Structure formats: C-alpha cells, structure tokens
C-alpha cells in the first residue's frame, strides 16, 4: 500500500512539475497581461479559472506561480543543504573549537523562533525591489536561515564517519585531508543530504507562501503560490468564485505529495 | 542545579549574542541613520543638522555595541522609527493579546492532540490511525495564514487558529510515541495479566511518555508564537505578531529586534522548564 501511495504522489508531483515547467506553452496569456475590460470574470472558455480584480487570467497566473514556487523552494533547499554540508561537515570533521563555534551559532539560530527571525532579517534587506530580485532574496533568505537543523544532522553523521574503519585505512594509506573530506567522507553523507533536502522542500514551500502572503516574499506582478493566496482574504469572493481556492489546492497537493513521495527522514537515518 | 545554571547561562548568552546581532542589523540596514523628517522642506539647515546628529551612530563600533547592550539590560529597547513611541510601551500594549491567544491555542492543541492520540492508541484501529494521520497531514500542509483565513470566515477566535496550527504536530508526535509504548513488552505483559485499561494507560503508557512530551511542550511554544505572525495579520488582531509584520514592512528594526529578543526569551525559558521536568523525572526514576 505504501508503494502505491508513493507512486501516486510521485505521479501527481511529476504532473504538477511538468505543467509548471510548460507554463509558457500551456498558459493562455502572459501572467501580467491585464484584460481591463474583464476584471473578476467568472470561469469561461476564454478564462478557464476566471480573472482576478485586475483582469489577469487566473489559470496563467496559477501555472506561472507554481513554476516560481517550484523553482524557489528546491533552490532554497539546495542552498540550505550545501551550507549544511559544509558547516555540519566541517564541525564533525574538524571537531574542537570549530565544532563548538559552528554549533553555538547553529544553536543560537535555533533558539530564535523561525518566523520572527525570517521577517527580522527580511526587513533588513531592501523591500521595494524588482520581482526577480525579490525571488532571489527569498531564496537566499530561506536557504541562508534554513540550513541549521540539517547541519546538526550532518555533524552527527560526520562524527560517525570520522571514527569509521575505511577512513582510518584511507588516512593510513596516505590520503590527504582535503581528499579524505571531499572524496571519501562527504559522498558518504549523500543519503543524509538527500533526506535533508527533501525535508526542506515542503517546509520552504509553506514558508514562501506565508512570506508572500504577508507581502515579504515574491513581489507582484510576478505570481507565486503564496501571493496568489491573497485572493482568499474575502469570504464573499471565495463564496462567489470558489475557483480562487485553486492555488491553495495546488500548494496542499505539492506539500502533501512531497511528504508522501520522499519519506526522506526515515531513509536518511537508515 | 548545575544543569539549571548551565541552561540559564546559555539563555543569557543567547540573548547577548542575539542583541549584538540585532544591533548589527539596526546599524547596517540601508537608511539606518536617515530620518524621514529630513524630507520636510520646512526644516532649516540647523534643524536638519540636529536631526542628523540625533540619528547618527556613535563613532566607535565598540561604544555603539556597548551602549546598545547597556540600554537593553536597563530595559530600554529604544524608540520605534515609525511612531517615535518607546518600544517598551508598544510591547507592553500588544503582548497581553498574543499571550492570551497563543496560550489558549497552545492549551487547546495539547488537550485535543493528546486526547485524540490516547484514544487512537487505546483503540488500536489501523483505519482510525489512517484517518487521524490524514487529517493531521492535511493541516500540516496548509500555510498558517490560510488557517487564519478560515478563522476569519467562520468568526472563530484566534486561539482556535493557533490550536489548529499546533494540533497536527502534537497529535502526530504523541500518537507515534504512545503507539510505540503500547507495543512494548511490559505493556503486553500487563494486558496479559488482566490489568485494567485505565491503569495500563496511566501508569504504563502515559507516565513513561512524560519526558518526551515535556520536550515537545517546550518546542511547541516557539511554534505558537511563530504562528501568531500570519494569523494576527490575516485576522487583523493587534498583537505582537501583527506588530512584527508592521515593523517588518515599515523597516522598524528597533521594534523588530526587541520583539525577536522578547519572544526568544519566552521560548528559551519554556525550553528550560521542559528540560528541568525531563531531567527531574529521569533522576527520580533512576
């Protein structure tokens, strides 16, 4: 049953990712084109999901928004995983003061509530920026602050590796420190790194949604699943056009399928 | 005693380093030493110069940080760049609302999550487990702000929304923990001996789970405060969460840094209390 669920989740994820990647071909209109004569249009053949209050085609914005979110969350997760590999790996490998200094920094970041830390650092960066820059800032912000839990896991994994027989043998055979670390030790944490990556992706999808909904993530007119959720603010709007729930459905499907398709934590620990 | 002293020292160190990093953010943020009143064309050169002197950071880095930390220890968080009001006053005005909603939400999530986990662990029905895990998984997949929208549409209190954000984490963790304990050999033996379900539940399942549940209780405090930001913004509730968002969008870093330190203090204190409960229980059992 578990394999079936996993395959279904992978299928849904692949379909959504393909649709998002092909947004340029599938979307009926550019995401920022305003049909000013038809704001808040209901679903029709021309606008399958209707238009928003500025007359922009919802289906196009949903496809492009999914592409932005699916680009942003894995990029931030990759950045966090690389940072965690370097910091956690160095802490476990070198030990001593390096370990203590890096882990004290990690503990400090962990002591602060994630959402408060995220918006405190976001506020220190420029707010009124080009949408492309806002996307890059969000990736750096999530990746730059989200590496800490992964680094702790990596450190623990590296500590186990440092004491392993094969590394002792490689060292005895005259292998240099850099080669030992990058060729023998780090590749052996691949499973753990993959686990951390797949744990971070759904978390960053949700963090982006919350940030963009608050106006601190991806800037308009560029759509993301987060800033598309702003249409849910008015209950009257949701009741009259339930189709505005589509971005939420896509986001929930993405997050759920990520968690079901990659039960990464268990495999990484194994 | 030594554990407590170590934890308190860790708390102080976190706040000091957090304060210094906050001061760095305030000092390095673009436009940190510029006052928007400088745009007022009616001000004379002398007034402008006075304003710049007032806002200029001290020359030496050491004196800047020492001054910042000194004021922080004295409870002076500075003035809001947006309203000019002392940050301490703003925090005192806003804190009760968030403490109330986060506190009630925390309690609701714990009562609901633990009760459901106990019920499912006791019934041991795989179908009910799937339904429970599915519902919790769905809530976990929703951004906190969307749970806020549901609270807004239905008119339920903010504390229910905080509870809904925390519930899946508490339920899933407790459910896995209690399920695991129910399968342990001593519980099976107790069942075979014919002990009552209530006795098994209280003395052989719930009691051994208390240290882990205490750790979770500490960890979920931070989540309750974190959830307050999107929930209070969406529900237009004038608490600390909404204040954090307003300070972020207005780049009011003195408010934001003070707020982050205050919440860190609350969260770390609850972590320490949870750790004390854990170590106390372990010692009493050993």
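Chains as they are written, first to last, in this note's numbering: chain A, 1 to 270; chain B, 1001 to 1286.
C-beta: ideal position from N, C-alpha, C; glycine also.
Predicted model, so just to flag it, every value in this text is computed and none were measured.
Is the CB-CB distance between residue 155 (chain A) and residue 103 (chain A) below 8 Å?
Result yes, Cβ atoms of residue 155 (chain A) and residue 103 (chain A) sit closer than 8 Å.
Find the residues of chain B that neighbour residue 215 (chain A), judging by a C-beta separation of less than 7 Å, and give them in chain order.
Below the 7 Å Cβ cutoff, chain B contributes 1249 as neighbours of residue 215 (chain A), in chain order.
Beta-carbon proximity list for residue 63 (chain A), same chain, < 7 Å, skipping 5 on both sides
Within the same chain, and ignoring the five residues on either side of residue 63 (chain A) in sequence, the residues whose Cβ sits closer than 7 Å to its Cβ are 19, 20, 23, 26, 27.
How big is the Cα-Cα spacing for residue 143 (chain A) and residue 76 (chain A)?
Residue 143 (chain A) and residue 76 (chain A): Cα-Cα distance of roughly 4 Å.
In chain A, which residues lie with their C-beta within 9 Å of the C-beta of residue 1259 (chain B)?
116, 120, listed in chain order.
Inter-residue spacing [alpha-carbon to alpha-carbon] between residue 1086 (chain B) and residue 1075 (chain B)
So the alpha carbons of these two residues sit roughly 11 Å apart.
Return the chain-ordered list of same chain residues with a C-beta closer than 7 Å to the C-beta of residue 1159 (chain B), the five sequence neighbours on each side being excluded.
Here the set comprises 1101, 1104, 1105, 1108.
When DSSP builds the beta bridges, which residues end up paired with residue 1079 (chain B)?
Residue 1079 (chain B) is bridged by DSSP to B:1086.
I'd like to confirm the pairing. Which residues does DSSP put opposite residue 57 (chain A) in its beta bridges?
According to DSSP, residue 57 (chain A) bridges with A:51.
Please name the residue in B:1049, B:1165, B:1201 whose C-alpha comes closest to that of residue 1221 (chain B).
The shortest C-alpha separation from residue 1221 (chain B) is found at B:1165.
Which of the three DSSP states, helix, strand or coil, is assigned to residue 34 (chain A)?
Look at residue 34 (chain A) here: in three-state DSSP terms it is strand.
So is residue 204 (chain A) in contact with chain B if we call contact Cβ pairs under 8 Å?
Chain B contact via Cβ: absent.
Can you give the beta carbon distance from residue 1264 (chain B) to residue 111 (chain A), rounded, assuming they're within the 8 Å contact cut?
The beta-carbon separation of residue 1264 (chain B) and residue 111 (chain A), rounded to 6 Å, stays under the 8 Å limit for a contact.
Pairs of beta-carbons, one from the stretch 1208–1219 of chain B and one from the stretch 247–257 of chain A, closer than 8 Å: are there three or more?
In short, these stretches do not touch, since the Cβ pair count stays below three.
Can you list, in chain order, the residues of the stretch 214–240 of chain A whose Cβ is nearer than 8 Å to any Cβ on chain B?
Correct list: 214, 215, 216, 226, 229, 232, 233, 235, 238.
For chain B, check one thing: does any of its Cβ atoms lie closer than 8 Å to the Cβ of residue 128 (chain A)?
With 8 Å as the cut-off, residue 128 (chain A) does not count as an interface residue toward chain B.
How is the alpha helix (DSSP H) around residue 146 (chain A) delimited, first residue to last?
In the DSSP assignment, residue 146 (chain A) falls outside any alpha helix (DSSP H) and carries neither an H nor an E.
Answer yes if the stretch 1194–1204 of chain B comes into contact with the stretch 88–98 of chain A, meaning at least three C-beta pairs across the two stretches below 8 Å, and no otherwise.
Contact between the stretch 88–98 of chain A and the stretch 1194–1204 of chain B is absent, with fewer than three C-beta pairs closer than 8 Å.
Nearest CA to the CA of residue 1161 (chain B): which residue from B:1117, B:1116, B:1110, B:1227?
That would be B:1227, whose Cα lies nearest to the Cα of residue 1161 (chain B).
State buried or exposed for residue 1155 (chain B), treating a residue as buried only when at least 16 other CB atoms are found within 10 Å of its CB.
Label assigned to residue 1155 (chain B): exposed.
Taking only beta-carbon atoms, is residue 1102 (chain B) less than 8 Å away from chain A?
No, residue 1102 (chain B) lies away from the interface with chain A (no Cβ there is under 8 Å from its Cβ).
Would you say residue 243 (chain A) faces chain B, with C-beta separation under 8 Å as the test?
No, residue 243 (chain A) does not count as interfacial toward chain B.
Taking Cβ-Cβ distances shorter than 7 Å, what residues in chain A pair up with residue 1230 (chain B)?
Here the neighbours are 210, 213, 214.
Quick check: the Cα distance between residue 177 (chain A) and residue 12 (chain A), rounded to an integer number of angstroms?
Between residue 177 (chain A) and residue 12 (chain A), the C-alpha separation is close to 44 Å.
Within chain A, partners of residue 1145 (chain B) - CB distance below 8 Å
The contacting residues are 209, 210, 213, 214, 229.
Compute the beta-carbon to beta-carbon distance between residue 1260 (chain B) and residue 1067 (chain B), rounded to the nearest angstrom, for a pair I have assumed lies under 8 Å.
Not quite, the Cβ-Cβ distance comes to about 19 Å (not below 8 Å), so this is no contact.
Status (buried if at least 16 other CB within 10 Å, exposed otherwise) for residue 151 (chain A)
Around the Cβ of residue 151 (chain A), a 10 Å sphere holds 16 or more other Cβ atoms; the residue is buried.
Check whether residue 1172 (chain B) and residue 1209 (chain B) have beta carbons under 8 Å apart:
Cβ distance not < 8 Å, so residue 1172 (chain B) and residue 1209 (chain B) don't count as in contact.
The stretch 1145–1152 of chain B contacting the stretch 223–237 of chain A, beta-carbon criterion three pairs below 8 Å
Taking one beta carbon from each stretch, the stretch 1145–1152 of chain B and the stretch 223–237 of chain A have 3 or more pairs nearer than 8 Å; the two touch.
Under three-state DSSP, which class holds residue 272 (chain A)?
Here chain A covers residues 1 to 270 and nothing more, so residue 272 (chain A) does not appear.
Let me make sure I understand the geometry here. Which of A:198, A:214, A:208, A:204 has the alpha-carbon closest to that of residue 258 (chain A)?
Of the listed residues, the one whose Cα sits closest to residue 258 (chain A) is A:198.
Against chain A, with Cβ distances strictly below 8 Å, would residue 1244 (chain B) count as a contact?
Nearest CB-CB separation between residue 1244 (chain B) and chain A: below the 8 Å threshold.
Give the range of the alpha helix (DSSP H) segment to which residue 222 (chain A) is assigned.
Counting along the chain, residue 222 (chain A) sits inside no alpha helix (DSSP H), nor does DSSP assign it H or E at all.
Check each candidate in A:215, A:244, A:262 and name the one with the smallest Cα separation from residue 48 (chain A).
Of A:215, A:244, A:262, the smallest CA-CA separation from residue 48 (chain A) is found for A:244.
On the premise that residue 50 (chain A) lies in contact with residue 271 (chain A), defined as a C-beta separation below 8 Å, what is that separation, rounded to the nearest angstrom?
Residue numbering for chain A in the displayed model covers 1 to 270; residue 271 (chain A) lies beyond these limits and cannot be assessed.
Along chain A, in chain order, which residues have C-beta atoms closer than 7 Å to that of residue 1142 (chain B)?
By Cβ distance, chain A contributes 252.
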